[in-house]
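J.:
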Amino acid sequence: MESEMLVEFRVSNYRSIREEQCLSLVASRDNWLQDSHCIDTGKAGVPKLLRSVVVYGANASGKSNLIFALMSMQQLVLHSTRLLEPQFREYNTPFLLDADSRGQPTQFEITLLLGGVRYQYGFTFNTERIQSEWLLVYKASKAQRWFEYHYNPDTGENDWEPFSIHFKGEKKGQRELWKANTGARALFLTQAAQSNSQLLQPLFNWFASELIVLPAHAEFNLMPTLQRLDDPKYKKWALGLMNAADIHISDIR
Numbered sequence: 001m002e003s004e005m006l007v008e009f010r011v012s013n014y015r016s017i018r019e020e021q022c023l024s025l026v027a028s029r030d031n032w033l034q035d036s037h038c039i040d041t042g043k044a045g046v047p048k049l050l051r052s053v054v055v056y057g058a059n060a061s062g063k064s065n066l067i068f069a070l071m072s073m074q075q076l077v078l079h080s081t082r083l084l085e086p087q088f089r090e091y092n093t094p095f096l097l098d099a100d101s102r103g104q105p106t107q108f109e110i111t112l113l114l115g116g117v118r119y120q121y122g123f124t125f126n127t128e129r130i131q132s133e134w135l136l137v138y139k140a141s142k143a144q145r146w147f148e149y150h151y152n153p154d155t156g157e158n159d160w161e162p163f164s165i166h167f168k169g170e171k172k173g174q175r176e177l178w179k180a181n182t183g184a185r186a187l188f189l190t191q192a193a194q195s196n197s198q199l200l201q202p203l204f205n206w207f208a209s210e211l212i213v214l215p216a217h218a219e220f221n222l223m224p225t226l227q228r229l230d231d232p233k234y235k236k237w238a239l240g241l242m243n244a245a246d247i248h249i250s251d252i253r
């Protein structure tokens, strides 16, 4: 069983995407090619996931914007605490061909399996600020709502749900301190993870180290791949991949 897997990514009101679109790696019940194309997660909620997916469609149908949305979510998670207002505004690109959508927030949500635990994390935002943010954690079948808040325009403050008893700081009062230090354009996940929340590190580190997006015409840096070849397990996997592609390379040194 793989330890880190993308389950699905959802986006709405972003560039050419108005209604919610979902990139799902949840496998169907079809047994054909299941052994080679699926991963058995051992989790009842998402028992099998696809090893790979392909997004296809007509030109200008939104394929690239789905990837751009995932990239935008990654950048906001990693850097939201230090973005200046003009930089933050660049990420807000709602669907403009509808009067209602222009004034509505963009929404990103991602579901991951990390170390056997399912994380469902998302947020909404507009030009001015983060509008809402939430994290559900499934260590069993029932969700633990670790945190959630929604901006209240009447008070100018965030209305927070009580923190889950399962989400604790390493020191007394840490959660309230992270909450107090989360600015209008900052994500609580970013603030807490950068303040050394051990419980949120797996989720934050996935965005920092595991999510790799290669845009079209990108210049490739082969050094990370070469460094990983020092890992015998990774090297065996890479050689197996090349053998399956019939490249006739027997070893890499």
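For the sequence shown, full-length UniProt numbering gives the first residue as 1, with consecutive numbering after it.
Where a beta carbon is used, it is the ideal one built from N, C-alpha and C, also for glycine.
Cβ of Asn92 within 8 Å of Cβ of Phe125?
T.: Contact: yes.
J.: Take every Cβ of the stretch 65–80, pair it with every Cβ of the stretch 96–105, and state whether three or more of those distances are shorter than 8 Å.
T.: No, because fewer than three Cβ pairs between the stretch 65–80 and the stretch 96–105 fall closer than 8 Å, the two stretches do not touch.
J.: For Gln191, count neighbouring C-beta atoms within 10 Å of its own C-beta (all shown protein chains included) and say buried if the count is 16 or more, exposed if not.
T.: When all chains shown are included, Gln191 counts as buried.
J.: Ala193 to Ser24, Cα distance in whole Å?
T.: Going from the Cα of Ala193 to the Cα of Ser24 covers about 26 Å.
J.: Where does Asp159 fall in DSSP's three states?
T.: Asp159: strand per DSSP, three-state reduction.
J.: Can you tell me whether Trp146 is helix, strand or coil according to DSSP?
T.: Strand.
J.: May I have the straight-line CA-CA distance separating Lys63 from Glu210, to the nearest angstrom?
T.: Approximately 22 Å between the Cα atoms of the pair.
J.: Cutting at 6 Å between CB atoms, please list the residues of its own chain near Glu109, excluding the five before and the five after it.
T.: Around Glu109: Arg10 and Gly122.
J.: Using 10 angstroms around the beta-carbon of Asn221, count the other beta-carbons present and answer buried if the total reaches 16, otherwise exposed.
T.: By the neighbour-count rule (16 or more Cβ atoms within 10 Å), Asn221 is not buried but exposed.
J.: Please state the DSSP three-state secondary structure of Asp230.
T.: Coil.
J.: Count the other CB atoms, across all protein chains shown, that sit within 10 Å of the CB of Lys43; report buried if there are 16 or more and exposed otherwise.
T.: Flag for Lys43 reads buried.
J.: According to DSSP, what are the bridge partners of Leu135?
T.: Its beta-bridge partners are Tyr121 and Phe147.
J.: Please report the straight-line C-alpha distance between Lys171 and Pro162, rounded to a whole angstrom.
T.: Near 18 Å, if we compare the C-alpha coordinates of Pro162 and Lys171.
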